[in-house]
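When you read off a place in the sequence shown, starting at 1, and then add 368, the result is the number in the numbering used here.
Each residue gets a CB set at the ideal place from its N, CA and C atoms; glycine is no exception.
Worksheet for the structure shown next.
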Amino acid sequence: MLAYIARRLLLMIPTLFGIMVINFFIVQAAPGGPVDRTIAQIKGGTVGATSRITGGGGELGGSSATSASAQSQNSRASRGLPPELVEQIKKLYGFDKPPGERFVIMMKSYLMFDFGKSFYRDRSVIDLIKDKMPVSISIGLWTTLLSYAISIPLGIAKAVRDGSKFDVWSSAVIIVGYSIPGFLFAVLLVVLFAGGGFVQWFPLRGLTSEYWDQLSLLGKIGDYFWHLVLPITALVISSFATLTFLTKNSFIEEINKQYVVTARAKGLTQNAVLYRHVFRNAMLLVVSGIPAALVSILFTGALLIEVIFSLDGLGLLGFESAINRDYPVMFGTLYMFTLIGLVLNLIGDLTYVAVDPRIDFERREY
């Protein structure tokens with residue numbers, strides 16, 4: 369197993385490098401960029417942009433090494449400005465170097481987890497990620513745990529009672545919940561329970577209350593979960609349907625196999641058959657989806673939920689950086705998310721072994 373883990377860790381290096389290369393050159397083809405934006409701001413008389421340039425690169429100079437956009441600057445955008453000023457702007461953002469050199473500088477910095485500074489927030493990318501991570505971890509972790517805690521028992525119950533009234537009406541409820549977009553359900557929850565016209569049982573903004581520091585330990589825990597009720601509910605409703613049906617179908621497939629018939633013929637109880645024999649085999653497909661589910665909820669799936677409930681997490685940070693062409697934040701978060709995703713995939717494979725010790729990755733040929 370140690371040899372397999374070592375191979376997987378080594379394979380992460382070319383995978384991560386390839387993802388960064390592809391995205392680096394895709395971004396180059398995208399129109400606009402920090403240089404064009406700054407030029408437009410100067411031509412429009414924006415004081416902030418001009419002051420940052422004339423200041424000798426204070427807040428932007430530290431980010432030039434991590435700038436990952438190499439698109440050619442539009443000559444129309446710089447028309448009417450002195451060429452020296454345009455060249456100074458390019459230098460501040462790191463566009464005075466060839467694309468290959470910029471990419472090498474960026475990757476060398478990223479290997480040391482040095483992602484530079486944001487172009488527009490006057491803060492390092494690491495600090496921004498640290499500030500936003502608690503929100504995204506709270507949303508992703510509790511949504512994933514709650515989804516699995518509901519879906520697995522419900523899927524098993526539906527498999528055992530396949531075709532019964534319980535199976536039919538529960539499937540109808542699940543399909544209805546799945547068909548409602550998470551953000552639309554979130555709006556409905558706000559209207560019903562967060563002071564949108566009916567009752568105000570839950571807070572609408574933030575992950576904690578303003579007076580959180582003044583609360584006791586139990587009070588802080590209660591306040592934290594009180595703020596999470598509505599956003600987690602909105603995400604869980606739209607995320608556990610697929611997992612429930614996957615669990616049900618996996619158990620039905622295993623229940624109809626010969627070894628289950630043999631186990632029942634030996635006089636084993638229903639629970640013994642399900643949880644000693646069927647569970648280990650049926651859960652392999654379910655376990656395989658844990659990393660993907662966690663990554664999707666943690667980094668991408670909660671964007672609209674963050675906006676609706678004013679939760680300043682990684683999803684909102686990534687969206688705003690893409691809109692503003694804040695390349696240090698874009699590529700710094702991409703690097704971190706990809707690395708975390710690769711590690712979670714490895715953890716998913718190791719979970720296979722925990723669920724079914726008969727699986728041996730050492731014998732797998734590469």
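Q: Can you have a look at ARG470 and say buried or exposed, based on whether 16 or more other CB atoms are within 10 angstroms of its CB?
A: buried
Q. What's the call for LEU684, buried or exposed, on a 16-neighbour Cβ count within 10 Å?
A. buried
Q. What number of angstroms, rounded off, separates the C-alpha of THR576 from the C-alpha of ASN692?
A. 28 Å
(Q) To the nearest angstrom, how far is the alpha carbon of LEU710 from that of VAL646? (A) 29 Å
(Q) Suppose the cutoff is 7 Å on Cβ atoms and the five residues either side in sequence are ignored; what does the same chain contact list for ILE623 look like? (A) ALA527 and VAL646
Q: Return the CA-CA distance between GLU688 and ASP499, expressed in angstroms with no decimal places.
A: 15 Å
Q: With DSSP as the reference, please indicate the residues paired to ALA562 in a beta bridge.
A: GLN568
Q | Backbone CA spacing between LEU583 and SER506 [nearest angstrom] | A | 20 Å
Q) How long is the line joining the alpha carbons of ALA525 and LEU614, rounded to whole angstroms? A) 13 Å
Q | As assigned by DSSP and simplified to three states, the class of LYS476 | A | helix
Q. Count the other CB atoms within 10 Å of the CB of GLY386; is the residue buried (16 or more) or exposed (fewer)?
A. exposed
(Q) Looking only at its chain, what residues have a beta carbon closer than 6 Å to the beta carbon of LEU672, apart from the 5 residues adjacent to it on each side? (A) PHE551
Q | Residue span of the alpha helix (DSSP H) that contains LYS485, given as start and end | A | No alpha helix (DSSP H) contains LYS485, which DSSP labels as neither H nor E.
Q) Skipping 5 residues on each side, what residues in its chain have a beta carbon closer than 7 Å to that of GLU578? A) none
**Q.** 8 Å contact criterion, which ILE548 and SER606 should meet: CB distance rounded
**A.** 7 Å
Q.
Here's the rule: buried if 16 or more other CB atoms are within 10 angstroms of the residue's CB, otherwise exposed. What is PRO466?
A. exposed
**Q.** Close Cβ partners of VAL628 (< 7 Å) along its chain, the five nearest in sequence each way excluded
**A.** GLU622, VAL641, HIS645 and VAL646
(Q) Mapping the DSSP letters down to three states, classify SER515 as helix, strand or coil. (A) helix
Q: Report back the beta-carbon spacing between SER678 and GLY564 to the nearest angstrom; my notes put them in contact at under 8 Å.
A: That belief does not hold up - the Cβ atoms of SER678 and GLY564 are roughly 14 Å apart, past 8 Å.
Q: Determine the extent of the alpha helix (DSSP H) in which ASN692 is found, giving its start and end residues.
A: That residue, ASN692, is in no alpha helix (DSSP H); it is neither H nor E in DSSP.
Q: Would you kindly work out how many angstroms separate the C-alpha atoms of VAL503 and PRO696, rounded to a whole number?
A: 21 Å
Q | Residue range of the alpha helix (DSSP H) that includes ILE543 | A | 533-547
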